[in-house]
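Here's the structure, in structure tokens; my notes come after.
2 protein chains.
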Amino acid sequence: MARSRKARLYGGMDAEERRTERRLKLIDAAIEVYGEVGYRGATVKAICEAAELTERYFYESFANSEALLIAAYGHVVGHLHDEMTAAAAAAGDDAEMRLRAALTLYFTRLKEHPKPARVFLLEISGISPAVDAVKLDALRVFSDILVPPALDPKRSDKGAAASLLSVGMVGAVISIALRWVSKQYPQAVEEVVAIAASFCRVALTEADHREDGHLS
Amino acid sequence: MARSRKARLYGGMDAEERRTERRLKLIDAAIEVYGEVGYRGATVKAICEAAELTERYFYESFANSEALLIAAYGHVVGHLHDEMTAAAAAAGDDAEMRLRAALTLYFTRLKEHPKPARVFLLEISGISPAVDAVKLDALRVFSDILVPPALDPKRSDKGAAASLLSVGMVGAVISIALRWVSKQYPQAVEEVVAIAASFCRVALTEADHREDGHLS
DNA sequence: CAGTATTGACAATCTATATTGTCAGATAAC
DNA sequence: GTTATCTGACAATATAGATTGTCAATACTG
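Going down the list, the protein sequences come from chains A and P.
If you're matching positions, the first sequence starts at 1 in the numbering used here and goes up one per residue.
If you're matching positions, the second sequence starts at 217 in the numbering used here and goes up one per residue.
Printed below as a string of structure tokens:
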């Protein structure tokens, strides 16, 4: 009875399980292919071949190419976000320690997994307004991990100036990451982290100055 | 005799003058159109219409769409670069003053001319390896205006770490600019300059620390 | 095993744009 | 005014890839 409501099983999975499995295979394949030839060079056909599926299943799970890019981005970002949050939490309460822990995890993963890194850093830029919005949101979230706005409740809805500070910080970190990756990791992780951290510290300290009424 | 070597005149210009005039009109039109619909949304036809020319003349001056993008970028960057250099020079010898002068000019121009700004900040990213190379080169040049590497000859070929510092600095400034533009200039120019300058100072001071043997 | 749901391969269609080609009319040179 | 050059409009072609559709083969169900 309980079964009769379900769809016919294939390979031990019901219809929905197979669908989500295919969806995942497509996302993994997309990350792979984007990493090789970039989003713009990636055809639907190529991704389907990499996923060992046919176009039909592409359109079963995604309305179009862009939807898959967004899903793949979300996939990569989700992992990274969870890991960074955990690393920061494990590092205790000191802001400087948490910052270092999060950055270290970030750059370590970047080095370990170049293809997802490319999706995360490069492929996501300038595709369409929808994609940009997704990216913007992700960056805000990462910025909050590095310099938590909730430390001081008064500041939790960041003022306009503080928001430019986070934006600058994230921009610096991402640019550093991009260069580091594209030059094939010439510096040790610790060294890159130290450099990135110095930019993050700007966002921390300047925000305090400004709050005290200093206008530089 | 002198004339007989020249091509027939039209509108008082010889063949080559007309060609360069058309080329310029195409570049101006491109900046205009990119500013409206973005590089990806810009068709050859639309640019030709904006320039009041036909496709024929497009291919007379440019091998393809991308070549025009690169030319338009160079055009915008060339102006900006000259102006920033001049502003820095006019500000005297103090590094802090020069920095402020250059940044002030940069953000002022950004606000005055949103369309070239879009070409400069957005459209140039992630089109192709060739375009990225052009951008990379431009950024290096701008970075050198903000924090001249030649101050200390020993440092003139920047070490790998110092190079990441400039990259981070430029990344921060550009991200700030992007956000500021896309939010339609919510802060005064001076305020944005102050924030951007604080990131630039990182590149200045950290470089010195590192040279003295400090490793953060 | 018979019947049906599901799959995989691939053809057909559709759309959009770049790029090249044609030609009649306009403009300058003499 | 005649001729050679240049111009503008537009048609023709080429390409590339997304999206949809067909159908036989396969895997499950009872």
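Even for Gly, the Cβ is constructed at its ideal location relative to N, Cα and C.
Residue i, buried or exposed, once every other Cβ within 10 Å from all chains shown has been counted against 16
i, result
"L9/A", "exposed"
"A306/P", "exposed"
"Y275/P", "exposed"
"L136/A", "exposed"
"T20/A", "exposed"
"E52/A", "exposed"
"S220/P", "Confidence is the limiting factor: at S220/P the pLDDT is only 43, short of 50, which leaves the residue's position unreliable, though a coordinate-based value still follows. Its Cβ having fewer than 16 others within 10 Å, S220/P is exposed."
"M84/A", "buried"
"P332/P", "buried"
"Y422/P", "Checking the displayed sequence, the identity of residue 422/P turns out to be Glu instead of Tyr. Label assigned to E422/P: buried."
"M1/A", "In this prediction, M1/A has a pLDDT of 38, which is less than 50 and means its spatial position is unreliable; nothing more can be read from the coordinates."
"A87/A", "buried"
"G384/P", "buried"
"A223/P", "exposed"
"K131/A", "Reading off the sequence shown, one finds Val at residue 131/A, where the question assumed Lys. Under this definition V131/A is a buried residue."
"E55/A", "exposed"
"E231/A", "Summary: the structure shown does not reach residue 231/A, with chain A confined to residues 1 through 216, and so no result is reported for it."
"G12/A", "exposed"
"V37/A", "exposed"
"A349/P", "exposed"
"E190/A", "exposed"
"E339/P", "buried"
"A246/P", "buried"
"A378/P", "buried"
"V357/P", "exposed"
"D93/A", "exposed"
Within chain P, the residues that residue i reaches when beta carbons sit closer than 9 angstroms
i, result
"M169/A", "A388, S391, F415"
"Q187/A", "A376, A377, L380"
8 angstroms contact criterion, which residue i and residue j should meet: CB distance rounded
i, j, result
"S359/P", "S382/P", "4 angstroms"
"A177/A", "F107/A", "7 angstroms"
"L319/P", "A419/P", "Going by Cβ atoms, the distance from L319/P to A419/P rounds to 13 angstroms, so no, they are not a contact pair."
"S277/P", "R316/P", "Going by Cβ atoms, the distance from S277/P to R316/P rounds to 39 angstroms, so no, they are not a contact pair."
"A72/A", "I27/A", "5 angstroms"
"C200/A", "L146/A", "5 angstroms"
"F120/A", "V173/A", "Rounded, the Cβ-Cβ distance is 12 angstroms, inconsistent with contact."
"S125/A", "V386/P", "Not a contact, Cβ separation roughly 16 angstroms."
"K111/A", "Y57/A", "About 33 angstroms separates the two Cβ atoms, so there is no contact after all."
"Y250/P", "A262/P", "Contact doesn't hold; Cβ gap of about 10 angstroms is too wide."
"E248/P", "A266/P", "6 angstroms"
"R325/P", "L285/P", "With 8 angstroms as the limit, R325/P and L285/P do not qualify as a contact, their Cβ atoms being about 20 angstroms apart."
Interface residues of chain A facing residue i [CB-CB closer than 7 angstroms]
i, result
"L321/P", "The premise fails here: L321/P is roughly 18 angstroms from chain A at the closest Cβ pair, so nothing lies under 7 angstroms."
Neighbour list for residue i in chain A, Cβ cutoff strictly below 8 angstroms
i, result
"I411/P", "A161, L164, L165, G168, E206"
Neighbour list for residue i in chain P, Cβ cutoff strictly below 7 angstroms
i, result
"E191/A", "A377"
"R179/A", "L380, V383"
"F202/A", "Looking at the sequence shown, residue 202/A is not Phe but Val. Here the neighbours are S414, F415, V418."
DSSP three-state assignment for residue i, whether helix, strand or coil
i, result
"Y10/A", "strand"
"F278/P", "coil"
"S510/P", "Past the boundaries of the shown model lies residue 510/P; chain P is included only from 217 to 432, so the question cannot be answered."
"A423/P", "helix"
"I127/A", "coil"
"D93/A", "coil"
"E269/P", "Just to set this straight, residue 269/P is Leu in the shown sequence, not Glu. DSSP places L269/P in coil when its eight states are reduced to three."
"K399/P", "coil"
"V292/P", "helix"
"P330/P", "helix"
"T43/A", "coil"
"G168/A", "helix"
"A160/A", "helix"
"V249/P", "helix"
"V363/P", "coil"
"A71/A", "helix"
"A218/A", "Absent from the structure is residue 218/A, since the part of chain A shown begins at 1 and ends at 216."
Please identify, using Cβ separations under 7 angstroms, the residues of the region 324–347 of chain P that lie next to chain A, in order along the chain.
Correct list: L338, S341, G342.
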